[in-house]
Amino acid sequence: MSRASGLKMSDGKFVMIAIAGTIAAFAILLVVVSGGGVRHVQIFLPEKTENTLAFREVDGKTALVGIKGIAQVNPTMIMRTGDYALELTVINEDDRPHMLYIDGVGVSTKVLRPGETDVISFQSPGEAVYNYYDYMDDSREPLGQIRAVKVTAFD
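In the working numbering, the protein residues as written are -10 to 144.
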């Protein structure tokens, strides 16, 4: 037996160290991947509430009618606070231009000519009540409200 053979590791120890090293490397890789270290895009989409509304004339007055999400005339919409967005698709089904304006957040659609559609989205940082208007209507009367509420877990 040579001198070098005295420094040699037994085959069993080498296999055990190789297995332990492989498991450790896999665990580190799993932590990096699950922590978002290799993603170039967010894999979880932000939560949002989607409603589709249409400007129409109802009983001789301009109204916003819920088509998808909430089916009422000039509905009171509910949204969550924080990172949860309210996305509104607004369609002009009337014969004159309209523009939805949400007071308190400064969000509005473009001027919608008959048949046009626009999508707006916003988040509320805290609990609030926002009135919404048809900005093209001279009366400037609110059509309805959007209520932002804080949702907490039930313990």
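From the three backbone atoms N, C-alpha and C, an ideal C-beta is built for every residue, glycine too.
- [ ] Would you mind reading off the limits of the beta strand (DSSP E) that contains residue 9?
- [x] As a first step, residue 9 must be located in the sequence shown, where it is residue number 20. Note, residue 9: premise wrong, no beta strand (DSSP E); alpha helix (DSSP H) at 0 to 23.
Open item on the list: I need the straight-line Cα distance from residue 13 to residue 69, nearest angstrom please.
Closed with: Walking along the sequence shown from the start, residue 13 turns up at place 24. Walking along the sequence shown from the start, residue 69 turns up at place 80. Their Cα atoms are separated by approximately 42 angstroms.
Open item on the list: Counting only beta-carbon separations shorter than 8 angstroms, does residue 9 have a partner in chain B?
Closed with: Looking at the structure shown, chain B is missing, and only one protein chain is on hand.
TODO: Tell me, please, which residues DSSP counts as bridged to residue 45.
DONE: Taking the sequence shown and counting its residues from 1, one reaches residue 45 at position 56. Answer by DSSP bridge pairing, in chain order: 52.
Task: Helix, strand or coil at residue 61 [DSSP, three-state] - done: Numbered from 1 along the sequence shown, position 72 holds the residue referred to as residue 61. It is coil, neither helix nor strand.
TODO: For residue 135, count neighbouring C-beta atoms within 10 Å of its own C-beta (all shown protein chains included) and say buried if the count is 16 or more, exposed if not.
DONE: The count along the sequence shown starts at 1 and reaches residue 135 at position 146. With 16 or more other Cβ atoms within 10 Å, it is buried.
- [ ] Determine, using beta-carbon pairs with one atom in the region 46 to 63 and one in the region 80 to 92, whether at least three such pairs fall under 8 angstroms.
- [x] yes
TODO: Can you give me the start and stop residues for the beta strand (DSSP E) that residue 69 sits inside?
DONE: For the purposes of this step, residue 69 is taken as the residue at position 80 of the sequence shown. Start and end: 66 to 69.
Task: Three-state secondary structure (DSSP) of residue 99 - done: Against the sequence shown, residue 99 aligns to sequence position 110. Note: residue 99 maps to coil in three-state DSSP.
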